[in-house]
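The opening position of the sequence shown corresponds to residue 74 in the working numbering, with each subsequent residue numbered one higher.
A short worksheet on the structure shown next.
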Amino acid sequence: MELRELAELGVAIGAEEAERLGSMTDMILEWNKVINVTAIRDRQEFIDKNVIDSLLLADLPEFQAADRILDMGTGGGFPGLPLACVFPDKQFVLVDAVGKKLRVVSDTAEKLGLSNVTVVHARAEDLGRDKAYREAFPLVTSRAVANMSTLCEYCLPFVKKGGYFAAFKTEDSADEIAGASRALSILGGETERTVPDGIEGSGHIFVVVKKTGNCPQKYPRKAGLPSKEPL
Numbered sequence: 074m075e076l077r078e079l080a081e082l083g084v085a086i087g088a089e090e091a092e093r094l095g096s097m098t099d100m101i102l103e104w105n106k107v108i109n110v111t112a113i114r115d116r117q118e119f120i121d122k123n124v125i126d127s128l129l130l131a132d133l134p135e136f137q138a139a140d141r142i143l144d145m146g147t148g149g150g151f152p153g154l155p156l157a158c159v160f161p162d163k164q165f166v167l168v169d170a171v172g173k174k175l176r177v178v179s180d181t182a183e184k185l186g187l188s189n190v191t192v193v194h195a196r197a198e199d200l201g202r203d204k205a206y207r208e209a210f211p212l213v214t215s216r217a218v219a220n221m222s223t224l225c226e227y228c229l230p231f232v233k234k235g236g237y238f239a240a241f242k243t244e245d246s247a248d249e250i251a252g253a254s255r256a257l258s259i260l261g262g263e264t265e266r267t268v269p270d271g272i273e274g275s276g277h278i279f280v281v282v283k284k285t286g287n288c289p290q291k292y293p294r295k296a297g298l299p300s301k302e303p304l
C-alpha cells in the first residue's frame with residue numbers, strides 16, 4: 074500500500090506498517106474468493122472503504138488513550154485488523170458470531186504476525202456476561218450494521234465506567250442516534266459527541282458514547298432480543 078494513500082489520515086504510518094496493510098488487503102481479498110467476507114472485490118475500493126475507513130478511528134483521542142480495544146461484530150476484521158497492523162502497542166479483541174469470517178481474520182492475523190490480536194467467536198449477548206470481558210475495556214468500537222439502540226446493548230456492557238463506545242454510523246443517522254437515548258440511560262451511557270470522519274464520500278460519522286455508570290446485570294438480554302426488541 075502506498076503511503077500517499079494514507080497521508081490524509083494524519084496518522085504516522087511508516088513503510089513497514091503500510092506494507093503490512095497491503096499484505097492484509099491481499100490476503101483477505103484472496104480469501105474472499107472462497108468465503109464471502111466482503112462484497113467489495115476491487116482492491117482500491119477495499120482500501121478506501123475498509124482499510125482507510127477503519128484507520129480513521131485513530132484520530133479520536135479516546136482511541137489514542139486506550140491500551141485495549143474491543144471490536145464488536147468485526148466481520149472480516151474491521152476496524153480491528155487495520156488498526157492492529159499500525160498500532161502494535163495496543164491490544165485488540167475482535168468478536169463476531171460468524172465463525173467462517175473469523176477463520177479468515179485468525180488466519181490473516183497469524184500470517185501477519187499480529188500478536189496483539191485476540192479473536193473471539195461469540196455472540197455479544199453471551200460474552201457480555203463473561204466476567205473476563207464485562208466492563209473490562211477503555212474503548213469498544215463497532216462498524217456492524219445495527220440500530221444504535223441495539224449496538225449500545227451489544228457494546229456498553231463491555232465498556233469500563235469512564236470508558237467509551239465509538240460507533241461507526243452513516244451521516245443520515247441523526248434520528249436513530251436520538252432514538253437511542255432511552256437505551257443509553259438504561260445501560261449507563263450518554264452520547265458525548267458525533268464526529269465527521271472527514272473522508273469525502275465515505276458517508277461515515279463516529280458516535281462517541283461515554284460510559285457514565287455501571288451497566289445493570291440484566292443486560293445484555295438473551296440472544297436475539299436486542300435486535301428484535303431494541304430498548
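A virtual CB, placed ideally from N, CA and C, is assigned to each residue, including glycine.
Only a predicted model underlies this, so the values are computations on that prediction, with no experimental measurement involved.
{"Item": "Taking the C-alpha atoms as reference points, what is the distance between Pro161 and Leu187?", "Value": "8 Å"}
{"Item": "Would you kindly work out how many angstroms separate the C-alpha atoms of Phe231 and Glu103, rounded to a whole number?", "Value": "33 Å"}
{"Item": "Tell me where the beta strand (DSSP E) around Phe241 begins and ends.", "Value": "232–243"}
{"Item": "Leaving aside the five residues before and after Ala240 along the sequence, list all residues of the same chain whose C-beta is less than 6 Å from its C-beta, in chain order.", "Value": "Ser215, Leu224, Val280"}
{"Item": "Should the segment 280–294 be called in touch with the segment 245–262, which here means at least 3 C-beta pairs below 8 Å?", "Value": "yes"}
{"Item": "In whole angstroms, what separates the C-alpha of Ile120 from that of Asp169?", "Value": "22 Å"}
{"Item": "Leaving out five residues on either side along the sequence, give the residues of the same chain with a beta carbon under 6 Å from the beta carbon of Asn139.", "Value": "Checking the displayed sequence, the identity of residue 139 turns out to be Ala instead of Asn. Closer than 6 Å at the Cβ level, and outside the excluded window around Ala139, lie Pro211, Leu212."}
{"Item": "I need the DSSP call for Ser215, collapsed to helix, strand or coil.", "Value": "strand"}
{"Item": "From the DSSP output, which residues share a beta bridge with Gln164?", "Value": "Arg141"}
{"Item": "Using the three-state DSSP reduction, which class does Pro289 fall into: helix, strand or coil?", "Value": "coil"}
{"Item": "Might you give, ordered along the chain, the residues of its own chain that have their beta carbon closer than 8 Å to the beta carbon of Ala296, omitting 5 neighbours on each side?", "Value": "Arg196, Glu198, Asp199"}
{"Item": "How far does the beta strand (DSSP E) with Phe279 in it extend, from its first residue to its last?", "Value": "277–284"}
{"Item": "Three or more beta-carbon pairs under 8 Å between the segment 140–150 and the segment 173–184, yes or no?", "Value": "yes"}
{"Item": "Is it buried or exposed, Pro293, if we count other Cβ atoms within 10 angstroms and call 16 or more buried?", "Value": "buried"}
{"Item": "Determine the extent of the beta strand (DSSP E) in which Thr264 is found, giving its start and end residues.", "Value": "262–269"}
{"Item": "What did DSSP end up calling Lys178 once you bin it into helix, strand or coil?", "Value": "Here residue 178 is Val; the residue named in the question, Lys, does not match the sequence. If DSSP states are grouped into helix, strand and coil, Val178 belongs with the helices."}
{"Item": "Comparing alpha-carbon positions, which option in Lys204, Leu154, Pro134, Val110 lies nearest Lys184?", "Value": "Leu154"}
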